[in-house]
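Here's the structure we're looking at; comments come further down.
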Amino acid sequence: MHLNYDCNLKCSYCYQNVIAEKVVMNDKTEKDVIDFIRKIVLDKNPEYIYLNFIGGEPTLHTDKMIKIMAACNKLNKSFYFSTVSNGTFGNMKKIEELLHLGLNDYFITLDGAQKDHNKYRIYESGKGSFLTIIKNLKRIQEKFPEIKIKLNSNLNDDNKNHVTELLDVLEEKEIKYPLVFSKVISTANGKFDKTIEDNDSFWYRAHKQAIHRGYKFKPYGREINLACMMKQTNCYIIGADGFLFSCIEAVGINEFRQAHINDYGSAMFEITRSQAQNIGYAYDTCASCIFLPNCDGGCYYKRSHDDFKCPKTDFTNNGLMLIKEIFEAKL
Numbered sequence: 001m002h003l004n005y006d007c008n009l010k011c012s013y014c015y016q017n018v019i020a021e022k023v024v025m026n027d028k029t030e031k032d033v034i035d036f037i038r039k040i041v042l043d044k045n046p047e048y049i050y051l052n053f054i055g056g057e058p059t060l061h062t063d064k065m066i067k068i069m070a071a072c073n074k075l076n077k078s079f080y081f082s083t084v085s086n087g088t089f090g091n092m093k094k095i096e097e098l099l100h101l102g103l104n105d106y107f108i109t110l111d112g113a114q115k116d117h118n119k120y121r122i123y124e125s126g127k128g129s130f131l132t133i134i135k136n137l138k139r140i141q142e143k144f145p146e147i148k149i150k151l152n153s154n155l156n157d158d159n160k161n162h163v164t165e166l167l168d169v170l171e172e173k174e175i176k177y178p179l180v181f182s183k184v185i186s187t188a189n190g191k192f193d194k195t196i197e198d199n200d201s202f203w204y205r206a207h208k209q210a211i212h213r214g215y216k217f218k219p220y221g222r223e224i225n226l227a228c229m230m231k232q233t234n235c236y237i238i239g240a241d242g243f244l245f246s247c248i249e250a251v252g253i254n255e256f257r258q259a260h261i262n263d264y265g266s267a268m269f270e271i272t273r274s275q276a277q278n279i280g281y282a283y284d285t286c287a288s289c290i291f292l293p294n295c296d297g298g299c300y301y302k303r304s305h306d307d308f309k310c311p312k313t314d315f316t317n318n319g320l321m322l323i324k325e326i327f328e329a330k331l
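If you use the UniProt record's numbering, the sequence shown corresponds to residues 1 to 331, in order.
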């Protein structure tokens with residue numbers, strides 16, 4: 001759920017740079033979202049609901065998070081709340097309130113040690129955000145050890161070779177949260193000039209270095225059921241204006257916009273949803289590929305702006321290698 005498209009940072013590679021109007025969810029849409037969730041609970045009777053708050057920077061609007069979480073908790077269902085943040089939010093009182101309402105996971109991004117991180121994740125003034133994030137992590141770790149923070153580091157062609165420097169800083173500062181690595185991708189707004197080539201084993205090497213330092217994690221730890229959300233019938237990507245989108249990286253792009261949440265239950269709602277779920281494979285060979293359940297026949301978002309390459313080599317050199325080693329180590 002996107003609460004907003006505005007942010008207090010100006011990250012050079014952000015996929016939301018393509019969104020011209022930095023919409024913030026208004027009070028009416030907030031009520032519509034709560035009603036939408038209530039309808040899904042009544043209609044589908046799910047065992048549990050995973051609700052992730054994202055932006056922009058969602059912690060700019062914690063009051064909206066609090067209202068929505070409080071309303072969800074009245075539905076007598078098991079909710080799993082999480083949020084993806086840039087880590088600059090330091091209001092401990094608000095964090096405590098979110099924790100009491102059931103915030104489970106708190107994803108925070110660190111793109112390397114200070115020098116690397118501050119190249120890409122800066123305030124609009126040009127000031128780097130690294131020291132603010134480290135300070136907040138220390139405070140949260142001391143005050144609220146029960147919060148499950150997960151650190152994510154977005155790797156590019158520069159910082160992929162400096163993973164040990166980030167690990168050194170985390171060790172020095174005694175920050176002991178789980179750490180995973182992701183890959184910066186090009187967006188519909190243009191190609192990021194530091195994007196890593198798909199045949200690079202960067203992801204495998206980064207996690208190997210982290211494992212050597214004592215980090216434990218699940219391969220594909222940031223993926224949801226290993227498959228693209230576009231293909232999951234029970235997954236809904238809600239924009240700040242109340243419209244659904246078929247791809248989280250394409251929120252705000254009309255080509256990927258579906259029905260409005262208020263249309264839930266209508267024939268048009270189901271038709272627009274099914275169109276995305278029925279998109280064909282990128283290549284004829286996809287149907288027989290062993291990685292099909294993970295790839296879903298090629299990222300349609302990347303295909304839409306001619307940036308798609310078959311990820312088979314990437315999977316083979318990275319995720320598969322790591323899964324194999326973890327499996328063999330447990331034998």
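From the three backbone atoms N, C-alpha and C, an ideal C-beta is built for every residue, glycine too.
Asked: Could you check what DSSP says for Ala70 in three-state terms: helix, strand or coil?; Found: helix
Asked: If you draw a straight line from the C-alpha of His61 to the C-alpha of Tyr5, how long is it?; Found: 11 Å
Asked: Taking only the alpha-carbon atoms, compute the straight-line gap between Ile134 and Leu167 and give it to the nearest angstrom.; Found: 13 Å
Asked: Excluding sequence positions up to five away, which residues of its chain have a Cβ less than 6 Å from the Cβ of Glu146?; Found: none
Asked: Between the alpha carbons of Asn156 and Ser266, how many angstroms are there, rounded?; Found: 43 Å
Asked: Do Ala210 and Glu165 come within 7 Å of each other at the CB atom, strictly closer than that value?; Found: no
Asked: Over the uninterrupted alpha helix (DSSP H) stretch that includes Val163, give me the two end residues.; Found: 163-172
Asked: Spatial neighbours of Glu96 within its chain, please: C-beta separation below 7 Å, excluding the five flanking residues on both sides.; Found: Phe144
Asked: When the Cα atoms are used, what is the spatial distance from Ile66 to Thr59?; Found: 11 Å
Asked: Could you name each continuous alpha helix (DSSP H) segment of 4 residues or more that falls completely within the segment 11-65, going from the start of the chain to the end?; Found: 27-44
Asked: Within its chain, find whatever has a CB closer than 7 Å to the CB of Asn159; leave out the 5 residues flanking it on each side and keep chain order.; Found: Asp111, Gly112, Asp116
Asked: Have a look at Val163 and Ala206 and give me their C-alpha separation to the nearest angstrom.; Found: 6 Å
Asked: Which residue from Phe308, Asp27, Asp32 puts its Cα closest to that of Ala263?; Found: Strictly speaking, residue 263 in this sequence is Asp, with Ala absent from that position. Cα-wise, what sits closest to Asp263 is Asp32.
Asked: Keeping to the same chain, check which residues put their C-beta closer than 6 Å to that of Ala276; ignore five residues upstream and five downstream.; Found: Met230, Ser246
Asked: Around the C-beta of Ala287, are 16 or more other C-beta atoms found within 10 angstroms, so that it is buried, or is it exposed?; Found: exposed
Asked: Classify Phe269 as helix, strand or coil using the three-state DSSP reduction.; Found: helix
Asked: Using a 10 Å radius around the Cβ and a threshold of 16 neighbouring Cβ atoms, would you call Asp306 buried or exposed?; Found: exposed
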